[in-house]
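Residue numbers (my numbering), protein chains in the order written: chain C, 244 to 359; chain Y, 5 to 122.
Here you go:
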């Protein structure tokens, strides 16, 4: 079945440091890939997406490129801020063949803490 | 644009009881999905509803059931509650073009209902 593996956390960085959170996936077909962010006490917010190989998703300084050859979708940001502290989830979405529905499969999440 | 709203925000129940959680989808969306997020883990897919029909189900027992209404809002019902049902329950809405075509539009989440079982 589908699965998503994220780098083990937590990750602690100083403000303005470079961020990489690794994400690899296993899925049949051609899934869409997403990064969601969850702040304390809140639901998940869509951060960025990519729907086909070599697509680059970007938002708020974060970027991720859909690499089909390495089945990866690593999240990067050149200079993190204290306000980026949150839990980050990598996810894939694939159409359910029998019903044309869709389901998200998530990784375990990576806790990011950015210190001033 | 109205986002996804869920109610209640918090709920405490005891083992064996039943619970109903509610979700209003984002305006313009016609599909609702429910997820269970245990503490410190990623969300797990429970099921999805489109045009008032269940449209896919994850690995959850039949005591987890749902409904979708003509205005696209939805309910999640859980019977015979167990301690392991304690979790954050997230609702997400999205738009699907037709019954046979789905371009996997992003799902937008509410803030969830925190369910605690004593």
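Quick reminder that beta carbons are idealized off the backbone N, C-alpha and C, glycines included.
Worksheet item: In chain C, which residues lie less than 8 Å from residue 115/Y when you measure between Cβ atoms?
Response: 284, 285 and 286
Worksheet item: Which word fits residue 325/C, buried or exposed, when buried means at least 16 other C-beta atoms lie within 10 angstroms of its C-beta?
Response: exposed
Worksheet item: For residue 253/C, which residues from the same chain have a beta carbon less than 6 Å from its beta carbon, with the 5 sequence-adjacent residues on both sides left out?
Response: 354
Item to complete: Check residue 122/Y in the structure and name its three-state DSSP category.
Response: coil
Fill in: Reduced DSSP secondary structure (H/G/I, E/B, other) of residue 289/C
strand
Worksheet item: Since residue 113/Y and residue 96/Y are thought to touch, with beta carbons under 8 Å apart, how far apart are those beta carbons, to the nearest angstrom?
Response: 5 Å
Practice prompt. Keeping to the same chain, check which residues put their C-beta closer than 6 Å to that of residue 47/Y; ignore five residues upstream and five downstream.
Written response: 39, 41 and 94
Item to complete: Would you list the residues sitting across from residue 314/C in a DSSP beta bridge?
Response: For residue 314/C, which the question treats as bridged, DSSP gives no partner whatsoever.
Worksheet item: Could you check where the beta strand (DSSP E) with residue 339/C kicks off and where it finishes?
Response: No beta strand (DSSP E) contains residue 339/C, which DSSP labels as neither H nor E.
Item to complete: Quick one: residues in its chain with C-beta nearer than 6 Å to the C-beta of residue 6/Y, no 5 flanking neighbours on either side, listed in chain order?
Response: 31
Worksheet entry | Close-in-space but distant-in-sequence residues of the same chain around residue 62/Y (CB under 7 Å, 5 per side omitted) | 48, 49, 50 and 51
Practice prompt. For chain C, find out if any of its Cβ atoms is closer than 8 Å to the Cβ of residue 52/Y; answer yes or no.
Written response: yes
Worksheet item: Among 357/C, 352/C, 359/C and 340/C, which one has its Cα closest to the Cα of residue 248/C?
Response: 352/C
Fill in: Under 7 Å (Cβ pairs) to chain C, residues found in the segment 12-34 of chain Y
none
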